[in-house]
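Working notes, beginning with the structure itself.
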Amino acid sequence: MKCPFCGSLSDQVLDSRPIEHASVVRRRRECLECKKRYTTFERPEEVSLMVVKSNHSREPFDRKKVWSGIDRACRKRPVAAETIDKIVDEIENELSAEYVMEIPSNIIGQKILDKLWDLDLVAYIRFASVYRQFGDIDTFMEELKKLKKEHLKRASKAAMPKKSKI
Ligand SMILES: [Zn+2]
3 MKCPFCGSLS DQVLDSRPIE HASVVRRRRE CLECKKRYTT FERPEEVSLM
53 VVKSNHSREP FDRKKVWSGI DRACRKRPVA AETIDKIVDE IENELSAEYV
103 MEIPSNIIGQ KILDKLWDLD LVAYIRFASV YRQFGDIDTF MEELKKLKKE
153 HLKRASKAAM PKKSKI
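Numbering of the sequence shown is given in the numbering used here, commencing with residue 3 and proceeding in unit increments.
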């Protein structure tokens, strides 16, 4: 902090306390040069995550966009609005834990896919078909095949603990 009296950059914090109902910290400081005392009010810089798209343009992370993307994929599926809220929360938390300032947009798409995969396969396929824009029928069929395989694997895993009934 620059001393308002002599301009020195060396100071010592005497006292530091948060101000109630505001994200501001009041600090009492003493200049190490001229020994005068002054008060600073510090607020954290608003940190907003920026999304970097494949064409290198940037836009602020928009929670609503993620929400409506998932909502569209889940239309007429047995998925509650609260579940979508929860997923968006999770994605937002993961992003702010894993990224500082900038997130490649494909990461967000991938995270949504991961969540839908566990939630609802129809919603997953819907989102994937929009998101990955399967260029041709072959890639789409490939994705379906992969899904079916994975689905069977999961189904048999889930059935494993039970006794087989014949
Ligand atoms: Zn000073």
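Even for Gly, the Cβ is constructed at its ideal location relative to N, Cα and C.
- Of the other Cβ atoms in all chains shown, fewer than 16 fall within 10 Å of the Cβ of C8; this residue is therefore exposed.
- Annotation: the continuous beta strand (DSSP E) that includes L16 extends over D13 to I21.
- Between ligand 1 and E35, a heavy atom-to-CB distance of less than 7 Å is present.
- CA-CA distance, D17 to D87, rounds to 41 Å.
- Below 8 Å, enough C-beta pairs join the segment 112 to 127 and the segment 75 to 92 to call them touching: three or more.
- In the DSSP assignment, C33 forms a beta bridge with D13.
- DSSP places F63 in no beta strand (DSSP E); its state is neither H nor E.
- Excluding five sequence positions before and after R19, the CB atoms of its chain that fall closer than 6 Å to its own CB belong to R28, given in chain order.
- For Y40, the enclosing beta strand (DSSP E) starts and ends at R39 to E44.
- Excluding residues up to 5 positions away in sequence, R31, E32 and L34 lie with their Cβ nearer than 7 Å to the Cβ of Q14 in the same chain.
- A residue is called buried when at least 16 other Cβ atoms come within 10 angstroms of its Cβ; K150 does not meet this threshold and is exposed.
- In the structure shown, the three-state DSSP call for M52 is strand.
- Per DSSP, the continuous alpha helix (DSSP H) segment holding K88 begins and ends at A83 to E100.
- P80: not part of any beta strand (DSSP E); DSSP gives it neither H nor E.
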